[in-house]
Amino acid sequence: MEVSSHSQDGIQLDRVVFFGRTLSEYTKFFDLDLSQWEGCKILDCPSGAASFVAEANNMGIHAVACDLLFNLDETVLFDKGKADFEHVVERVALVPQFYNWEFYGGLEGFKKYRKLAFQRFSQDYTIGKKAGRYIAAELPKLPFADQSFDLVLSGHFLFLYSDEFDYKFHLNSILELYRVCSQEVRIYPLQGKNAKLYPLLDNLISDLKSVGITTEIVKVNWEFQKGSNQMLHLIR
Numbered sequence: 027m028e029v030s031s032h033s034q035d036g037i038q039l040d041r042v043v044f045f046g047r048t049l050s051e052y053t054k055f056f057d058l059d060l061s062q063w064e065g066c067k068i069l070d071c072p073s074g075a076a077s078f079v080a081e082a083n084n085m086g087i088h089a090v091a092c093d094l095l096f097n098l099d100e101t102v103l104f105d106k107g108k109a110d111f112e113h114v115v116e117r118v119a120l121v122p123q124f125y126n127w128e129f130y131g132g133l134e135g136f137k138k139y140r141k142l143a144f145q146r147f148s149q150d151y152t153i154g155k156k157a158g159r160y161i162a163a164e165l166p167k168l169p170f171a172d173q174s175f176d177l178v179l180s181g182h183f184l185f186l187y188s189d190e191f192d193y194k195f196h197l198n199s200i201l202e203l204y205r206v207c208s209q210e211v212r213i214y215p216l217q218g219k220n221a222k223l224y225p226l227l228d229n230l231i232s233d234l235k236s237v238g239i240t241t242e243i244v245k246v247n248w249e250f251q252k253g254s255n256q257m258l259h260l261i262r
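In terms of this note's numbering, the sequence shown has 173 at position 147, counting the first letter as 1, and numbering is strictly consecutive.
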């Protein structure tokens, strides 16, 4: 069912979108200095149509993306990316008051970055999938051995879609991301589409602590959706 696009409770999306960001955006909202991760393996999960993996590999960094939708035919996948781009831009334009436009300079700048991310992703996808950079996988169960990656990044999925996925899914997904990391997991943002902090975050941190996982909330130099300037940092 299509929900109202004019709600004052934040952006309204009628589905989990196949959408992506660029490496430069990743470095901001994940507080990421890639020079510290040279020679390391990085997982982006779920990656959507982000260009992070394509750009990172061009820099000589071993990065892998996984997403449920990588099991789709390439043409279907790209068509969904284009349709979801239009869907998100349309919905963002309806609630501009929920966003800080300093970085993008306005909606056209936002669209420019989204198109750039999708272009770089799509140009790398065919070759990258054959090379093992793009793997079809779905949280909360990933096809990787324990501690396969030094750093795991998870952006714009967990917490953001808290209306669609329950607490158990969030906890199990984060435990799985932690299982496949050998050093750190970074998750951004901590807010839902309504720009409000995930209401069960304290419970989640407590449950992670109970199984010996060290967490911290870190302020980052990024706040497109107002209030979304923190990430959850898990340390092994």
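For every residue, glycine included, the Cβ atom is placed at its ideal position computed from N, Cα and C.
Since we're looking at a predicted model, the values are computed, not measured.
Can the beta-carbon of residue 150 be found closer than 8 Å to that of residue 45? For the purposes of this step, residue 150 is taken as the residue at position 124 of the sequence shown. For the purposes of this step, residue 45 is taken as the residue at position 19 of the sequence shown. No, Cβ-Cβ distance for residue 150 and residue 45 is not below 8 Å.
Is residue 255 buried or exposed, if buried means 16 or more other CB atoms sit within 10 Å of its CB? Counting from one through the sequence shown, the residue named residue 255 turns up at place 229. That one is buried.
Rounded separation between residue 28 and residue 86 - CA only: The residue labelled residue 28 in the question sits at position 2 within the sequence shown. The residue labelled residue 86 in the question sits at position 60 within the sequence shown. With a pLDDT of only 27 at residue 28, under the threshold of 50, the placement of this residue in the model should not be trusted; the figure read from the coordinates follows. Cα to Cα, residue 28 sits roughly 43 Å from residue 86.
Nearest to residue 245 (by Cα), restricted to the options 239, 233 and 259: Residue 245 sits at position 219 when you count from the first residue of the sequence shown. It is 259 whose Cα lies nearest to the Cα of residue 245.
Should residue 261 and residue 179 be called a contact, given that it needs their Cβ atoms to be closer than 8 Å? Along the sequence shown, read from residue 1 onward, the residue named residue 261 stands at position 235. Along the sequence shown, read from residue 1 onward, the residue named residue 179 stands at position 153. It is not a contact, given that the beta carbons lie outside the stated cut-off.
Could you check the C-alpha separation between residue 129 and residue 250 for me, to the nearest Å? Sequence index remark: in the sequence shown, residue 129 carries index 103 (1-based). Sequence index remark: in the sequence shown, residue 250 carries index 224 (1-based). Each residue's Cα considered, the two are about 8 Å apart.
Using a Cβ-Cβ cutoff of less than 7 Å, which residues in the same chain neighbour residue 126 once the five nearest sequence positions on both sides are dropped? Taking the sequence shown and counting its residues from 1, the one referred to as residue 126 is at position 100. Closer than 7 Å at the Cβ level, and outside the excluded window around residue 126, lie 249, 250 and 252.
Classify residue 77 as buried or exposed, calling it buried when 16 or more other Cβ atoms lie within 10 Å of its own Cβ. For the purposes of this step, residue 77 is identified with residue 51 of the sequence shown, where counting begins at 1. Residue 77 is buried by the Cβ-count criterion.
How about the region 92 to 99 and the region 115 to 126: do they share at least three Cβ pairs that are nearer than 8 Å? no
As an exercise, report each continuous beta strand (DSSP E) stretch of at least 3 residues that is fully enclosed by the region 105 to 184, in chain order. 160 to 162 and 175 to 181
Quick check: what's the CA-CA separation for residue 148 versus residue 75? One-based indexing of the sequence shown puts residue 148 at position 122. One-based indexing of the sequence shown puts residue 75 at position 49. One C-alpha to the other measures close to 8 Å.
Give me the DSSP bridge partner(s) of residue 210. Position 184 of the sequence shown, counted from the start, is the residue given in the question as residue 210. Answer is 177 and 261.
Residue 140 vs residue 83 beta-carbon contact at 8 Å: Locating residue 140 in the sequence shown gives position 114, where the first residue counts as 1. Locating residue 83 in the sequence shown gives position 57, where the first residue counts as 1. No, the pair does not count as a contact, with Cβ atoms beyond the cut-off.
For residue 191 and residue 157, what's the separation of their Cα atoms in angstroms? Translated into positions along the sequence shown, residue 191 becomes position 165. Translated into positions along the sequence shown, residue 157 becomes position 131. Between residue 191 and residue 157, the C-alpha separation is close to 32 Å.
Three-state class that DSSP yields for residue 22 in the structure shown: Here the chain has residues from 27 to 262 only, and residue 22 is not among them.
Among residues of its own chain, excluding the 5 on either side of residue 174, which ones have a beta-carbon nearer than 6 Å to its beta-carbon? Your numbering for residue 174 matches position 148 in the sequence shown. For residue 174, where only same-chain residues beyond five positions count, the Cβ hits under 6 Å are 206.
Given residue 224, which residues of its chain have a CB within under 6 Å of its CB, disregarding the five upstream and five downstream residues? Residue mapping note: residue 224 aligns to position 198 of the sequence shown, counting from 1. Around residue 224: 185, 188 and 216.
Please tell me whether residue 8 and residue 199 are closer than 8 Å, where the distance is taken between their beta carbons. Past the boundaries of the shown model lies residue 8; the chain is included only from 27 to 262, so the question cannot be answered.
Which word fits residue 47, buried or exposed, when buried means at least 16 other C-beta atoms lie within 10 angstroms of its C-beta? Start at 1 with the first residue of the sequence shown, and residue 47 comes out as number 21. When all chains shown are included, residue 47 counts as buried.
Where residue 88 and residue 52 are concerned, what is the direct C-alpha to C-alpha distance, given to the nearest angstrom? Numbered from its first residue, the sequence shown carries residue 88 at position 62. Numbered from its first residue, the sequence shown carries residue 52 at position 26. Straight-line Cα distance between these residues: approximately 16 Å.
Can you tell me whether residue 102 is helix, strand or coil according to DSSP? To locate residue 102, count along the sequence shown from 1; it is residue 76. Note: residue 102 maps to helix in three-state DSSP.
Beta-carbon proximity of residue 214 to residue 257, cut-off 8 Å: Translated into the one-based positions of the sequence shown, residue 214 becomes position 188. Translated into the one-based positions of the sequence shown, residue 257 becomes position 231. Cβ distance < 8 Å, so residue 214 and residue 257 count as in contact.
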